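Note sheet for the following structure.
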Amino acid sequence: MNKEKIKIVFVIPSLVAGGAERVISFVSQHISKDKFEVRLLVIGFKKDTVYTVKNVQVDYLDQERVLYAIPKIIQYFTRYKPNIVVSSISHLNTVMALVSPYFRNVKFVGRESTILNQRKDKGKKRFWQRFSIFKNQHHKLDRIICQSSDMAQDLINNSQVPANKIVIINNPISKIGNLKKNLEAERDNTPSKYITIGRLTQVKGHLRLLEILSQLDDDFIYTIVGDGELKDQIFQKANDLGLQDKITHIPYTDKTDQILASNDMYLQGSYIEGFPNATLESCVAGVPVIAFNAPGGTKEIIENNINGFIVDSSKDFLKCLQAKNTWNPEQIRSSVVEKFSTDKIIKQYEDLFIEINN
Numbered sequence: 001m002n003k004e005k006i007k008i009v010f011v012i013p014s015l016v017a018g019g020a021e022r023v024i025s026f027v028s029q030h031i032s033k034d035k036f037e038v039r040l041l042v043i044g045f046k047k048d049t050v051y052t053v054k055n056v057q058v059d060y061l062d063q064e065r066v067l068y069a070i071p072k073i074i075q076y077f078t079r080y081k082p083n084i085v086v087s088s089i090s091h092l093n094t095v096m097a098l099v100s101p102y103f104r105n106v107k108f109v110g111r112e113s114t115i116l117n118q119r120k121d122k123g124k125k126r127f128w129q130r131f132s133i134f135k136n137q138h139h140k141l142d143r144i145i146c147q148s149s150d151m152a153q154d155l156i157n158n159s160q161v162p163a164n165k166i167v168i169i170n171n172p173i174s175k176i177g178n179l180k181k182n183l184e185a186e187r188d189n190t191p192s193k194y195i196t197i198g199r200l201t202q203v204k205g206h207l208r209l210l211e212i213l214s215q216l217d218d219d220f221i222y223t224i225v226g227d228g229e230l231k232d233q234i235f236q237k238a239n240d241l242g243l244q245d246k247i248t249h250i251p252y253t254d255k256t257d258q259i260l261a262s263n264d265m266y267l268q269g270s271y272i273e274g275f276p277n278a279t280l281e282s283c284v285a286g287v288p289v290i291a292f293n294a295p296g297g298t299k300e301i302i303e304n305n306i307n308g309f310i311v312d313s314s315k316d317f318l319k320c321l322q323a324k325n326t327w328n329p330e331q332i333r334s335s336v337v338e339k340f341s342t343d344k345i346i347k348q349y350e351d352l353f354i355e356i357n358n
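Now the structure itself:
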């Protein structure tokens with residue numbers, strides 16, 4: 001007699017462009033459908049969707065804010081009766097923690113996407129963070145998935161989360177696409193090509209990257225992929241530094257592997273990263289990375305002189321840009337493909353779900 005499948009609902013705020021949205025939708029599609037009955041619950045609107053989700057039932061609540069959706073979330077869980085609920089992004093995890101006492105037979109798993117207590121120092125608090133009811137609720141979840149060791153340690157030290165509730169699962173490589181061609185010998189008279197992918201926000205550090213690039217004597221082209229609240233400030237800064245003719249802006253693309261493979265170096269200016277998906281994608285494309293030594297998962301991806309550099313200052317960042325290193329795209333790719341393979345990471349998710357359901 002076949003064992004009954006474990007019913008899992010993955011909950012995310014939206015399916016707009018973003019690392020958390022992409023990872024959760026990817027995991028929901030790739031875990032075994034022989035073992036799990038999977039649904040994806042989206043708080044937002046279908047019209048905003050940019051990620052294609054196959055082989056999974058996707059339900060939309062059509063709500064602008066997670067807080068407004070709480071009654072519908074409760075109704076959904078009551079009707080569907082999942083065994084496990086998996087949420088991602090801190091404010092949604094907090095809401096799941098608050099509703100969890102009403103569903104004693106359901107295991108609630110929250111996947112964190114950033115280092116919460118580091119992030120508080122970067123900009124103003126969100127609306128929901130102003131109310132005491134939303135503070136330090138993570139301990140009510142049955143498990144918390146952290147993308148990096150730094151993230152796990154932050155929750156243990158600063159959010160009163162017991163260590164036995166935390167599991168570290170890195171993000172998977174979702175696609176192995178184009179590999180950069182090794183064209184070092186042909187590049188003597190062509191501009192260097194640099195790229196950064198991510199939301200245009202303060203925490204991503206675009207402004208300090210522009211300051212560094214303005215000190216380069218060599219010719220270059222810098223591609224910025226992404227959109228966000230800091231867009232106008234970033235491009236005004238580029239104009240002020242005289243870089244406007246060297247910059248290409250792509251607000252959104254689903255062809256990141258192709259774009260990455262056509263560049264020489266990936267630049268990560270972030271002050272903090274949960275787990276930098278674009279940095280991982282760059283390595284998969286065979287493109288080396290220069291990144292600041294910031295809290296989060298960067299140091300779990302980058303190996304100095306193998307697939308890039310981690311630096312402590314803008315001065316060191318500039319030195320790495322000016323260095324004439326010879327890189328091996330195959331070696332860069334091989335440094336990450338096994339460590340972060342889909343099969344390996346999906347198995348870690350499946351093992352976790354089976355364990356907490358027993």
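Under UniProt numbering, the sequence shown is numbered contiguously, ending at residue 358. Ideal placement from N, C-alpha and C gives every residue a C-beta, glycine not left out. Fair warning: this is a prediction, and the values are worked out from it, not measured in the lab.
With a threshold of 16 other beta carbon atoms within 10 Å, arginine 65 falls short and is exposed. If you draw a straight line from the Cα of phenylalanine 317 to the Cα of tyrosine 102, it comes to about 51 Å. A residue is called buried once 16 or more other Cβ atoms fall within 10 Å of its Cβ, and asparagine 263 is buried on that count.
Taking 8 Å as the cut-off, the beta carbon of leucine 267 is found closer than this to the beta carbon of threonine 196. Beta-bridge pairing by DSSP links aspartate 59 to Leu41.
Contact check for lysine 107 against isoleucine 354 fails: the beta carbons are separated by 8 Å or more. Contact between leucine 40 and serine 28 holds, since their C-beta atoms are separated by about 5 Å, short of 8 Å. In summary, arginine 104 is exposed, with fewer than 16 beta-carbon neighbours lying within 10 Å of its beta-carbon over all protein chains present.
By the neighbour-count criterion, in which 16 or more other beta carbons inside 10 Å mark a residue as buried, proline 329 falls on the buried side.
Looking only at Arg22, Asn83 and Thr78, the smallest Cα-Cα distance to lysine 54 is reached by Arg22.
Secondary structure note for alanine 97: its alpha helix (DSSP H) is the uninterrupted segment 90-99.
The continuous stretches of beta strand (DSSP E) do not include threonine 253, and DSSP gives it neither H nor E.
If only complete runs of 3 or more residues are kept, the UniProt domain "Glycosyl transferase family 1" (187-314) shows the beta strand (DSSP E) at 192-197, 220-225, 247-250, 265-268, 289-292 and 308-311, in order along the chain. The stretch 297-308 makes contact with the stretch 148-156; the number of CB pairs closer than 8 Å reaches 3 or more. Sixteen is the threshold: when 16 or more other Cβ atoms of the shown chains lie within 10 Å of the Cβ of valine 287, as they do, the residue is buried. Excluding its 5 nearest sequence neighbours in each direction, valine 50 has C-beta neighbours in its own chain below 8 Å: Leu15, Val16, Ala17, Tyr252 and Asp254, listed in chain order. Judged by their CB atoms, isoleucine 176 and valine 336 are not nearer to each other than the 8 Å cut-off. For lysine 181, no alpha helix (DSSP H) run applies, since DSSP gives it neither H nor E. Within the model, the alpha-carbon separation for leucine 98 versus serine 313 is close to 41 Å.
Inter-residue distance for isoleucine 74 and glycine 198 is about 33 Å (C-alpha atoms, whole angstroms).
In the DSSP annotation of this structure, glycine 110 is not part of any alpha helix (DSSP H); the continuous beta strand (DSSP E) holding it starts and ends at 107-111. Minimum Cα-Cα distance from tryptophan 327 among the listed residues Leu207, Gln202 and Val289 corresponds to Val289. For isoleucine 176, no beta strand (DSSP E) encloses it, and the DSSP letter there is neither H nor E. Counting the other Cβ atoms within 10 Å of the Cβ of alanine 163 gives fewer than 16, which makes it exposed.
A check of alpha carbon separations from tyrosine 194 across Ser25, Gln322 and Ile156 identifies Gln322 as the nearest. By the criterion of a C-beta distance shorter than 8 Å, aspartate 59 is surrounded in its chain by Arg39, Leu40, Leu41, Val42 and Tyr76, once the five residues flanking it on both sides are discounted. Looking at the DSSP output, serine 87 bridges to Val11 and Gly110.
A straight-line Cα-Cα distance of about 16 Å links isoleucine 6 and threonine 78. Asparagine 170 places its beta carbon less than 8 Å from that of phenylalanine 340. When DSSP states are grouped into helix, strand and coil, valine 167 belongs to the strand group. Per DSSP, arginine 143 is one residue of the beta strand (DSSP E) stretching across 143-146. Per the coordinates, the alpha-carbon of glycine 110 lies some 8 Å from the alpha-carbon of isoleucine 89. Straight-line spacing of the CA atoms in lysine 46 and proline 191 works out to 42 Å. With a cutoff of 8 Å on beta-carbon distance, leucine 230 and threonine 201 are scored as near each other.
If you ignore the 5 residues before and after valine 86, its C-beta comes within less than 6 Å of the C-beta of Phe10 and Val109, all in its own chain and listed in chain order.
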